[in-house]
Every structure is written in structure tokens, then in C-alpha cells.
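2 protein chains.
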Amino acid sequence: MTPKKITSSERQQPVNIHDVAERAGVAISSISRVLSGHPDVSDRMRAKVEAAAAELGYEPDFTAQSLRSGATKTIGFIVRDISNPFFGVIAQKCEQELRKAGYSMLVMNSDGDTETEAANIKLLRRRKIDGLIASLVAEDAPKLKAALSELKAPVVLIDREVKGLNASAIIGNHHQGVHDAVADLLRLGHRRIAFVSGSTRVFITRDRLQGFEDAFKEAGVEIPSDLISLGTFDAEFGESETLRLFDLKNPPTALLAGGIGTTSGAMRAWQQLGITPGKDIGFVAIDEWPLFDVFGQQFSSVYRDPAVIGRSSAEIILQSLKGEKPQNVFVETTYMPRESSAGGLA
Amino acid sequence: MTPKKITSSERQQPVNIHDVAERAGVAISSISRVLSGHPDVSDRMRAKVEAAAAELGYEPDFTAQSLRSGATKTIGFIVRDISNPFFGVIAQKCEQELRKAGYSMLVMNSDGDTETEAANIKLLRRRKIDGLIASLVAEDAPKLKAALSELKAPVVLIDREVKGLNASAIIGNHHQGVHDAVADLLRLGHRRIAFVSGSTRVFITRDRLQGFEDAFKEAGVEIPSDLISLGTFDAEFGESETLRLFDLKNPPTALLAGGIGTTSGAMRAWQQLGITPGKDIGFVAIDEWPLFDVFGQQFSSVYRDPAVIGRSSAEIILQSLKGEKPQNVFVETTYMPRESSAGGLA
Numbered sequence: 001m002t003p004k005k006i007t008s009s010e011r012q013q014p015v016n017i018h019d020v021a022e023r024a025g026v027a028i029s030s031i032s033r034v035l036s037g038h039p040d041v042s043d044r045m046r047a048k049v050e051a052a053a054a055e056l057g058y059e060p061d062f063t064a065q066s067l068r069s070g071a072t073k074t075i076g077f078i079v080r081d082i083s084n085p086f087f088g089v090i091a092q093k094c095e096q097e098l099r100k101a102g103y104s105m106l107v108m109n110s111d112g113d114t115e116t117e118a119a120n121i122k123l124l125r126r127r128k129i130d131g132l133i134a135s136l137v138a139e140d141a142p143k144l145k146a147a148l149s150e151l152k153a154p155v156v157l158i159d160r161e162v163k164g165l166n167a168s169a170i171i172g173n174h175h176q177g178v179h180d181a182v183a184d185l186l187r188l189g190h191r192r193i194a195f196v197s198g199s200t201r202v203f204i205t206r207d208r209l210q211g212f213e214d215a216f217k218e219a220g221v222e223i224p225s226d227l228i229s230l231g232t233f234d235a236e237f238g239e240s241e242t243l244r245l246f247d248l249k250n251p252p253t254a255l256l257a258g259g260i261g262t263t264s265g266a267m268r269a270w271q272q273l274g275i276t277p278g279k280d281i282g283f284v285a286i287d288e289w290p291l292f293d294v295f296g297q298q299f300s301s302v303y304r305d306p307a308v309i310g311r312s313s314a315e316i317i318l319q320s321l322k323g324e325k326p327q328n329v330f331v332e333t334t335y336m337p338r339e340s341s342a343g344g345l346a
Numbered sequence: 001m002t003p004k005k006i007t008s009s010e011r012q013q014p015v016n017i018h019d020v021a022e023r024a025g026v027a028i029s030s031i032s033r034v035l036s037g038h039p040d041v042s043d044r045m046r047a048k049v050e051a052a053a054a055e056l057g058y059e060p061d062f063t064a065q066s067l068r069s070g071a072t073k074t075i076g077f078i079v080r081d082i083s084n085p086f087f088g089v090i091a092q093k094c095e096q097e098l099r100k101a102g103y104s105m106l107v108m109n110s111d112g113d114t115e116t117e118a119a120n121i122k123l124l125r126r127r128k129i130d131g132l133i134a135s136l137v138a139e140d141a142p143k144l145k146a147a148l149s150e151l152k153a154p155v156v157l158i159d160r161e162v163k164g165l166n167a168s169a170i171i172g173n174h175h176q177g178v179h180d181a182v183a184d185l186l187r188l189g190h191r192r193i194a195f196v197s198g199s200t201r202v203f204i205t206r207d208r209l210q211g212f213e214d215a216f217k218e219a220g221v222e223i224p225s226d227l228i229s230l231g232t233f234d235a236e237f238g239e240s241e242t243l244r245l246f247d248l249k250n251p252p253t254a255l256l257a258g259g260i261g262t263t264s265g266a267m268r269a270w271q272q273l274g275i276t277p278g279k280d281i282g283f284v285a286i287d288e289w290p291l292f293d294v295f296g297q298q299f300s301s302v303y304r305d306p307a308v309i310g311r312s313s314a315e316i317i318l319q320s321l322k323g324e325k326p327q328n329v330f331v332e333t334t335y336m337p338r339e340s341s342a343g344g345l346a
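Heads up: the sequence lines are chains A and B, in that order. Residue numbering for the first sequence follows the UniProt record's numbering, starting at 1 and increasing by one per position. Residue numbering for the second sequence follows the UniProt record's numbering, starting at 1 and increasing by one per position.
See the structure below:
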């Protein structure tokens with residue numbers, strides 16, 4: 001009597017390895033050896049297992065394969081906030097590249113909080129990700145460093161440097177773009193130039209600050225320390241700091257906004273104050289926002305390409321998975337001078 | 001002689017179930033039975049396995065746990081394009097809610113292609129996701145429908161209806177907002193109103209089109225069929241169609257742009273044509289873009305809240321995982337009349 005063929009669609013539960021073992025009349029460990037291509041398997045055993053698998057419509061189980069191979073084909077992707085349009089493009093391009101190579105991407109938001117970020121990394125470690133791509137909230141939080149060093153998987157940091165960690169990094173040359181922007185503002189005649197951005201706990205801010213300060217030093221102009229405000233990258237901070245700075249007795253004549261969040265906040269503050277950036281004051285935005293080509297044409301910017309960052313992140317992690325050593329890839333930033341730099345200098 | 005305690009950090013490879021089996025001197029299947037709390041395990045066996053696991057610093061394996069429990073604690077999230085700022089907010093809020101409940105989110109882009117989308121769903125099925133949240137490219141592609149029905153996991157569709165599929169849905173009341181917008185444009189005196197948006201292969205477009213047509217019917221005005229162009233949601237289509245429509249002998253006096261991509265394209269077309277939306281022509285944008293409050297203040301919109309859509313998607317999938325039946329949740333859309341509606345009517 002030929003056993004009735006039972007297909008997956010006729011059953012409530014999908015066919016699993018136990019069903020195949022039962023049908024073949026062999027131990028689960030034998031099934032596992034056959035399916036993982038173990039050499040120590042007789043032809044008779046292989047035929048028996050393959051016949052049972054075919055009869056039951058059994059598909060090799062991804063989870064079981066992961067367990068056998070130790071590879072989950074999964075890359076973790078941690079950013080402060082995936083709704084930031086800059087990170088959105090990075091995530092899109094990165095996922096497209098990883099998908100081509102057979103990898104999937106687990107996305108987690110750290111919500112701007114180092115505790116959350118450390119917890120996310122620990123979870124991803126337990127989930128046995130094959131690699132991690134991360135734009136960290138801070139580089140020096142002890143819990144974060146501990147979580148990263150316990151990960152035991154290749155890591156690509158986006159614009160961050162964590163000391164003592166054997167990780168790759170995509171490093172923007174932020175110094176260059178900011179330096180050129182501030183040099184141009186100084187050349188145009190600005191002296192009271194404000195700089196609002198995220199914390200110096202991350203490389204990107206330190207590199208930008210260096211560019212800012214170097215431009216002043218080269219011009220022989222005193223750095224306006226009271227106009228440098230480095231806290232967080234979100235719009236709320238950008239708004240409150242812009243309101244505070246433009247209420248000073250000796251307010252800025254120009255502002256350099258570090259990131260799309262900061263720009264949003266500054267724009268909202270100026271609306272309240274009745275200030276038109278580019279007309280009443282000088283303005284340079286770091287990073288361009290969606291529809292910038294339509295609504296930002298008059299605004300000077302420090303430009304970098306998020307698509308390049310996304311694709312490079314994927315490429316580096318894939319190379320690491322092939323055994324290549326950690327590497328640093330540098331991404332250009334370019335000052336794009338437009339009308340707004342000369343604002344307030346009429 | 002007590003065996004030397006070997007901790008995970010001293011080893012190249014993390015401790016796995018094979019190491020524990022070797023140390024305990026028992027079969028892997030016995031380890032599996034102990035760790036999964038199988039009742040058919042002797043006290044002696046349990047003690048032996050637990051001692052070996054503790055000595056080696058073995059942590060229960062997420063993958064192995066998944067294999068035993070059948071739950072991967074993973075939700076798939078498929079969108080056309082995660083770099084679309086609207087989807088970015090949905091993804092952020094959704095991930096935050098899922099994370100609170102112990103779930104992680106695999107993000108995939110379908111790149112506006114039904115073949116890619118079907119392949120993504122198949123991959124996620126093989127990865128044994130516990131649930132899927134998706135904004136599909138089309139509802140009627142046979143491969144897509146087949147992939148969805150084979151998934152055997154709860155599905156939440158964002159603004160899509162797939163016939164014969166037992167899925168939940170977050171449904172925007174697009175009809176309402178578009179109807180009110182078009183009614184206002186007609187009341188103001190517009191007759192040649194163009195509508196550019198994505199394909200009628202998805203519910204969101206059909207619902208918007210119904211609102212568009214109903215407003216004309218109620219006003220007793222003939223529908224300008226030559227001004228309705230429904231193709232794709234991307235900026236390229238929005239740009240080329242806007243260029244084409246405004247080159248007609250009898251061009252539109254107003255445009256309703258269906259989505260952020262279409263709006264971007266229309267704005268770029270008008271720049272080339274020297275047309276100022278809201279001044280030379282009437283304009284209503286469906287969905288507001290990042291920095292809309294700064295750069296779009298004069299523009300009428302049909303508004304919906306992506307944060308609500310993201311949170312609701314997560315809530316519905318979590319309820320489904322607790323055994324609740326598929327459900328439909330409705331999200332309001334609201335016409336926000338501003339200056340631009342009356343453009344071109346001076």
C-alpha cells in the first residue's frame with residue numbers, strides 16, 4: 001500500500017523535520033545530517049530521507065538551516081530614527097544591496113537613547129545577526145561599548161568611531177564641507193556665525209566642529225564660542241537654541257545648522273521671530289532634505305549623498321562576511337554655495 | 001580533576017549546543033529536550049545538561065528557541081520604498097510598538113515591482129515570520145496573491161484590499177479628504193481640475209478617484225476625464241504627466257497631486273514651465289512632506305497621520321498573534337484648505 005501523499009496545504013501545521021523523521025522511520029539527527037549535506041551519510045539513508053521529504057512536501061526550514069550553519073542571513077540596522085529622511089535613503093539603498101546578496105535587514109530605532117541602543121544590540125546578538133550596521137547615539141556609553149564588543153559579528157559604524165572596537169566605518173569628511181562653508185561665510189563678511197548641531201559624543205559633530213574652528217583660525221578671526229551649541233540632533237533642540245541665540249544682545253548674523261532635524265527646528269524658530277533665512281541672516285544647511293531642489297534652491301548646503309552611504313555600508317558588511325578585515329571608507333562632503341550665505345549682509 | 005571552566009570570551013566561536021552535548025556526554029536531542037522543558041527527561045539528565053551549559057557559559061540560542069517554539073518574534077514590513085518620508089514615519093512608529101512587545105521588524109523594499117514583492121513575501125515565509133505588515137505595489141498580481149495566501153501568518157495590509165485573503169487592513173478614508181478638496185476647488189470656480197496619482201490597481205487610488213468623481217457629480221459638473229492620469233506614485237511619473245497636462249490646448253487650472261512622489265514631480269515640472277502653484281494655478285497636495293510646516297504653509301492638503309498608521313499596524317498584528325480575528329481599522333483623511341486652492345482664479 002502506497003502511503004497517501006499529504007501536502008502542506010491540507011494540514012493545519014506546516015510539515016516539519018519531526019514529520020519527515022517519522023515518515024522516514026529514522027532519527028531527527030539523521031534528517032539533519034542529510035539536509036545539511038553531512039558526508040557521513042549512507043546513500044540508503046539519504047534516499048529514504050529525501051523520499052519522505054518529497055512525499056510530505058517538506059521545505060528545508062530556514063530556522064533549522066540557520067541553526068546548522070550558524071548563519072542567519074540577517075543584518076541588524078540601527079539608527080536613531082528611521083523617519084529621518086536622510087536615514088530613510090541610507091536604509092533603502094542598504095537593504096537593496098543586502099537583498100541581492102541574500103541577506104535581510106532587521107531595522108531598529110534607538111530613539112536617541114543609549115540605553116535603548118545597548119538593549120537593541122543585545123537583542124540582535126541573541127538573534128545571532130551575521131552583521132550590524134549602526135549609526136550610534138553616542139560612542140562612549142559603557143553599556144553600549146560592552147554590548148558592541150560582545151556582539152562577535154562584523155560591525156559597520158556610520159560616522160562613528162568607537163575606541164578599542166574592531167569595526168569598519170563609513171566616515172564622512174565632514175571637516176571639509178563645514179570648513180569650506182565657514183570660510184565662505186567669513187569671506188563674505190560674517191563674524192558672528194552660530195553653529196547648532198548634535199552632541200560631541202559622536203565623531204560627526206567633533207569633525208564638523210574642527211572644520212568650523214579651523215576656518216576661523218585660518219582667517220585669523222576669533223571663534224564665537226558663545227554661538228556654538230552642540231546638544232542633540234532633533235528639531236526641538238534646534239528650535240529652542242535658535243530662539244535663544246537670536247535673543248542674545250549680540251546675536252548671530254549667520255547660522256550653520258548641523259543636520260535635517262536642526263534645520264527644521266531653526267526654520268520654525270525663525271518663523272516665530274519673523275526672520276527670513278538668506279535675507280535677514282546668512283544660512284547654511286548641513287544635509288539637504290526631501291524636496292530641497294524645489295523648496296531649498298536659494299539655500300547653501302554642505303552636501304553628502306545618503307545613497308552612497310547606504311550602498312557602501314552593505315558592501316563593507318558583505319566583504320566582512322567573506323572574511324575581509326575591517327576597513328574605513330571615506331565619503332566626501334561638499335559645500336554648495338547659494339544665495340543664502342550672503343543673507344543679512346546687504 | 002575538575003574540568004577547566006571555559007568561558008565564551010576565551011573562545012573564537014560562541015558556545016553552541018554541540019559543545020554542551022560533548023561536555024555533558026549526551027546526545028544533542030537530549031540537550032534539546034532539557035532546554036525546551038520536555039517532561040520526558042530524567043532528573044539526572046537534566047542536572048548533567050544544566051551543569052555542562054553553566055560550565056561553558058552557554059546561552060539559550062534564539063534560533064534554537066525559535067525552532068522549538070515555532071515563533072521567530074519577527075514581523076516582516078514591506079513597503080514600496082522606505083526612503084519615502086511617509087513610510088519612514090510609519091516604519092518608525094511601527095517598530096517602536098513591536099519592540100515593546102518583544103518583536104523585531106525585517107524591512108524590505110519592493111522597489112515598486114510586483115515580482116520583487118512576491119519574491120520578498122516568499123523569502124519572509126521561508127524565514128518563518130510571525131506576521132507581515134505590507135503596503136503592496138498591486139493587489140491583483142497572481143504571483144503576489146499566491147505568495148500571500150501561502151504565507152500562513154497574520155497579515156496587515158496598509159491601504160490595500162486583496163480579495164479572498166483573510167487579512168487585516170488599515171484603511172484610510174481617502175474618499176472623504178479628496179471629495180472635500182475637489183468640492184472646494186469646484187466651489188472656488190475651478191472646472192479643469194487634474195488628478196495625477198498611482199495606479200488603480202491599489203485601493204487607495206480607487207478610493208481617491210471615487211471621491212474625485214463624486215464631487216464633480218454632486219456639483220453637476222462634467223468630469224474632465226482627459227485630466228485624470230493614474231500610473232505610478234513616483235516623482236518621474238508626476239513630473240512627466242504634469243508637463244504633458246500643462247501642455248494641452250485646454251490645460252488644467254488646478255491640480256490634485258496624489259502622494260509625496262507625485263507632488264515632487266509636479267513641483268519640478270512647474271519649475272521648468274515657470275508656473276507658481278497656488279498663484280498661477282490651484283493646487284492641493286495629498287499627504288504633507290517633511291518641513292511642510294515651513295515650506296508648504298500656503299499649500300492646501302489632504303492630511304492623514306502616518307504615526308497613527310504605524311502604531312495601528314503594530315497593534316493589529318500583535319492582536320492577531322494573540323488569536324484575534326482579522327479586522328479593518330479606518331484612518332481619517334482631512335482636507336486642509338489653504339491659499340493654494342484659489343491659485344489661478346484672480
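Ideal Cβ placement from N, Cα and C applies to all residues, glycine included. Computed from a prediction, not measured in an experiment: that's the story for all the values here.
Using the beta-carbon count (16 or more within 10 Å), is residue 120/B buried or exposed? As a working note, residue 120/B is residue 120 in the second sequence. Buried, by the Cβ-count rule.
For residue 8/B and residue 31/B, what's the separation of their Cα atoms in angstroms? Stepping through the second sequence from its first residue, residue 8/B is reached at position 8. Stepping through the second sequence from its first residue, residue 31/B is reached at position 31. With a pLDDT of 42 at residue 8/B, under the threshold of 50, the predicted position of this residue should be treated as unreliable, though the coordinate-derived value follows. Rounded to whole angstroms, residue 8/B to residue 31/B spans 18 angstroms at the Cα level.
When you compare each of 46/A, 307/A, 88/A, 283/A to residue 195/A by their alpha carbons, which one comes out closest? Within the first sequence, numbered from 1, the residue matching residue 195/A stands at position 195. Minimum Cα distance to residue 195/A is reached at 283/A.
Which runs of the beta strand (DSSP E) fall wholly inside the stretch 124 to 210 of chain A and span at least 3 residues, in chain order? 131 to 134, 155 to 158, 168 to 172, 193 to 198
By the criterion of Cβ-Cβ separation under 8 angstroms, what are the contact partners of residue 91/A in chain B? If you number the first sequence from 1, residue 91/A lands on position 91. Ordered by position in chain B, the residues that pass the 8 angstroms Cβ test against residue 91/A are 82, 83, 107.
Out of 213/A, 235/A, 122/A, which one is the CA nearest neighbour of residue 227/A? Stepping through the first sequence from its first residue, residue 227/A is reached at position 227. When each option's Cα is compared against that of residue 227/A, the closest is 213/A.
Tell me the DSSP secondary structure of residue 85/B in three-state form. Along the second sequence, read from residue 1 onward, the residue named residue 85/B stands at position 85. Correct three-state label for residue 85/B: helix.
Along the stretch 191 to 215 of chain A, where does the CB come closer than 9 angstroms to a CB of chain B? Name the residues. none
Is the beta carbon of residue 129/B closer than 8 angstroms to that of residue 98/B? In the second sequence, counting from the first residue as 1, residue 98/B sits at position 98. In the second sequence, counting from the first residue as 1, residue 129/B sits at position 129. Taking 8 angstroms as the Cβ cut-off, residue 98/B and residue 129/B do not qualify as a contacting pair.
Touch test, the stretch 183 to 197 of chain B against the stretch 304 to 311 of chain B, Cβ-Cβ under 8 angstroms, three pairs minimum: no
Does any residue of chain A bring its CB to less than 8 angstroms from the CB of residue 295/B? Working through the second sequence from its first residue, we reach residue 295/B at position 295. By this cut-off, residue 295/B is an interface position.
Check each candidate in 339/B, 260/B, 308/B and name the one with the smallest Cα separation from residue 330/B. On the second sequence, position 330 is the one that residue 330/B refers to. Nearest C-alpha to residue 330/B: 308/B.
Identify the contact partners of residue 290/B in chain A, using a Cβ-Cβ distance below 7 angstroms as the criterion. In the second sequence, the residue the question calls residue 290/B occupies position 290. In chain order: 85, 289, 290.
Run of the beta strand (DSSP E) containing residue 313/B, from where it starts to where it stops: Stepping through the second sequence from its first residue, residue 313/B is reached at position 313. Element bounds for residue 313/B: not the beta strand (DSSP E) but the alpha helix (DSSP H), 306 to 321.
Below 8 angstroms between beta carbons: does that hold for residue 205/A and residue 230/A? The residue you call residue 205/A lines up with position 205 of the first sequence. The residue you call residue 230/A lines up with position 230 of the first sequence. Against a cut-off of 8 angstroms, the Cβ pair of residue 230/A and residue 205/A comes out as a contact.
Going by DSSP, what residues sit across from residue 334/A in a beta bridge? Within the first sequence, the letter at position 334 stands for residue 334/A. DSSP lists 303/A as partners of residue 334/A.
Output the distance between the C-alpha atoms of residue 211/B and residue 154/A, rounded to the nearest integer angstrom. One-based indexing of the second sequence puts residue 211/B at position 211. One-based indexing of the first sequence puts residue 154/A at position 154. A straight-line Cα-Cα distance of about 51 angstroms links residue 211/B and residue 154/A.
Closer than 7 angstroms, Cβ to any Cβ of chain B: which residues of the stretch 60 to 74 of chain A, in chain order? Going along the stretch 60 to 74 of chain A in chain order, one finds 62, 63, 64, 66, 67, 72 with a Cβ nearer than 7 angstroms to chain B.
Does any residue of chain B bring its CB to less than 8 angstroms from the CB of residue 343/A? Counting from one through the first sequence, the residue named residue 343/A turns up at place 343. Answer no: the Cβ-Cβ gap between residue 343/A and chain B never drops below 8 angstroms.
Only counting the same chain, and skipping five residues up and downstream in sequence, which positions put a Cβ closer than 6 angstroms to that of residue 94/B? Taking the second sequence and counting its residues from 1, the one referred to as residue 94/B is at position 94. Cβ within range, chain order: 310, 313, 314.
So if I threshold CB-CB distances at 7 angstroms, which residues from the stretch 220 to 244 of chain B count as touching chain A? none
Tell me, please, which residues DSSP counts as bridged to residue 283/A. Position 283 of the first sequence holds residue 283/A. In the DSSP output, where bridge partners are listed per residue, residue 283/A has 255/A.
So is residue 111/A in contact with chain B if we call contact Cβ pairs under 8 angstroms? As a working note, residue 111/A is residue 111 in the first sequence. It does: the Cβ of residue 111/A has a partner Cβ on chain B nearer than 8 angstroms.
For residue 4/B, which residues in the same chain have their Cβ closer than 8 angstroms to its Cβ, ignoring the five residues on either side in sequence? Walking along the second sequence from the start, residue 4/B turns up at place 4. Interpretation of residue 4/B is limited by its pLDDT of 48, a score under 50 that renders its predicted location unreliable; the figure taken from the coordinates is listed afterwards. Closer than 8 angstroms at the Cβ level, and outside the excluded window around residue 4/B, lies no residue.
For residue 328/A: DSSP bridge partner residues: For the purposes of this step, residue 328/A is taken as the residue at position 328 of the first sequence. DSSP, once it has assigned bridges, lists 169/A as partnering residue 328/A.
For residue 267/A and chain B, any beta-carbon pair shorter than 8 angstroms? In the first sequence, residue 267/A corresponds to position 267, counting from 1. Using beta-carbon distances, residue 267/A counts as an interface residue toward chain B, with a partner under 8 angstroms.
Whose C-beta lies closer than 6 angstroms to the C-beta of residue 116/A among residues of the same chain, with five residues either side of it excluded? Along the first sequence, read from residue 1 onward, the residue named residue 116/A stands at position 116. Only 110 meet the Cβ criterion.
Shortest alpha-carbon distance to residue 278/B belongs to which of 28/B, 86/B, 255/B, 221/B? Here residue 278/B refers to the residue found at position 278 of the second sequence. Ranking 28/B, 86/B, 255/B, 221/B by Cα distance to residue 278/B puts 255/B first.
Of all the CB atoms in chain B, is at least one closer than 8 angstroms to the CB of residue 145/A? What you label residue 145/A is simply residue 145 of the first sequence in a count that begins at 1. So no, residue 145/A is outside the interface.
Going by the DSSP bridge assignment, what does residue 104/B pair with across the sheet? Here residue 104/B refers to the residue found at position 104 when the second sequence is read from its first residue. For residue 104/B, the beta-bridge partners assigned by DSSP are 74/B.
Would you mind sorting residue 33/A into buried or exposed? The rule is 16 or more other CB atoms within 10 Å of its CB. In the first sequence, the residue the question calls residue 33/A occupies position 33. Residue 33/A is buried by the Cβ-count criterion.
Is DSSP giving residue 274/B helix, strand or coil here? Position 274 of the second sequence, counted from the start, is the residue given in the question as residue 274/B. Note: residue 274/B maps to coil in three-state DSSP.
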